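Counting along the sequence shown from 1, when you hit position 118 you're at 302 in the working numbering, and nothing is skipped either side. Every residue gets a Cβ at the ideal spot worked out from N, C-alpha and C, and that includes glycine. Values in this document were obtained by computation on a predicted structure and should not be read as measured data.
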Amino acid sequence: MNDKKEIAREYYKALYSAKYKEAIATHLSDTYIEHQIGVGFSKQGLANYMRQHLAENPAHELIIHREIAQDDLVFFHADEKLAGGEMIARGELFRFQGDKIVEHWSAGQEHPKKTVSGRSLTDGAGVDYSSNTGRQHAQLTADSYYKTFVELRTDLILFTTTERYYQHNPRTADGSQAFFKGVSLFKKLRFLGIKLHLDIKKTIAEGDFVVTMSNIGSKPILPNSIVFDLFRVQVDGKKDEHWDVTETIKPKEAITKVF
């Protein structure tokens, strides 16, 4: 049993409930650092946000789909159902010292009505905790992600993704060929002077999953954003499934606070 997961789960569920004040007082350290966009980057800002958020969405529902933990970090891949049925995919990363949460990063993305692959932002395989392929191939996964999108190494796709490569990004089809076409488009844009910026801030892994948290952007196509990428990795190190949760960072000055 992972005690940090238990604590993070208890806190997260209580935070999005009438017990949010108690959750903040009980589980967050005195030196807690908040990075979530829209909550004032502070404990008090978080409390103010939750009060308003819960008033606007009294009958909301929170569903945690995947939990990935390593060392002092715990990541949740979740859905929040708001008033009126709107669904928000969420990526939540917590850093612990002892049994207290000392830092939190977050991204939220509205579920689109349709996706290219027909998959949602959060459905698909769960974590196989009997596997160790995530930690075994974490560095390879992060490196290939960076080299494919920044160095535009399309040659790596054949060796680092499966042919079927299940895709949950709403704008991308399944399969390594579709992935190849997408990266090839960035190659064409490079000739127009449009480059993708990708700075991987954290990588964690558990079971057959690898999760990265990054600062990503490509003017004018993709605004500066925080993104959590989840990869399900096979024994041979190939990525077989991919999810992401992306949220735009604005104003620009907030970048250092978001990370």
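Burial state of Leu-277 is buried, judged by a 10 Å Cβ sphere holding 16 or more other Cβ atoms. In the same chain as Glu-206, and ignoring 5 residues on each side of it, the C-beta atoms closer than 8 Å to its own belong to Ala-198, in chain order. Collapsing the DSSP output to three states places Gly-268 in a helix. Burial state of Arg-235 is exposed, judged by a 10 Å Cβ sphere holding fewer than 16 other Cβ atoms. Here the alpha carbon of Lys-371 sits roughly 7 Å from the alpha carbon of Leu-336. Exclusion of the five residues before and after Tyr-204 leaves Ala-198, Ala-231, Met-234, Arg-235, Leu-238 as the residues of its chain whose Cβ lies within less than 8 Å of its Cβ. DSSP, read as helix, strand or coil, puts Ile-285 in strand. Contact between Arg-319 and Glu-390 holds: their C-beta atoms lie close to 7 Å from each other, under 8 Å. In this structure, the CA atom of Leu-369 is about 44 Å from the CA atom of Leu-212. In chain order, Glu-218, Val-223 place their CB closer than 8 Å to the CB of Gly-229, counting only its own chain and leaving out the 5 sequence neighbours on each side.
Secondary-structure assignment with DSSP links Ala-291 through a beta bridge to Gly-275. The Cβ atoms of His-381 and Ser-304 lie no closer than 8 Å to each other. For the pair Ile-191 and Gln-254, the Cα-to-Cα distance works out to about 14 Å. Within the same chain, Cβ atoms closer than 8 Å to the Cβ of Thr-346 are found at Ser-360, Gln-418, Lys-422, Lys-423, Asp-424, the five residues on either side in sequence being excluded.
Within the same chain, Cβ atoms closer than 8 Å to the Cβ of Ile-341 are found at Thr-332, Ser-360, Phe-363, Phe-364, Val-367, the five residues on either side in sequence being excluded. Look at Leu-376 here: in three-state DSSP terms it is coil, with no helix or strand label.
Rounded to whole angstroms, the gap between the alpha carbons of Val-394 and Lys-297 is 27 Å.
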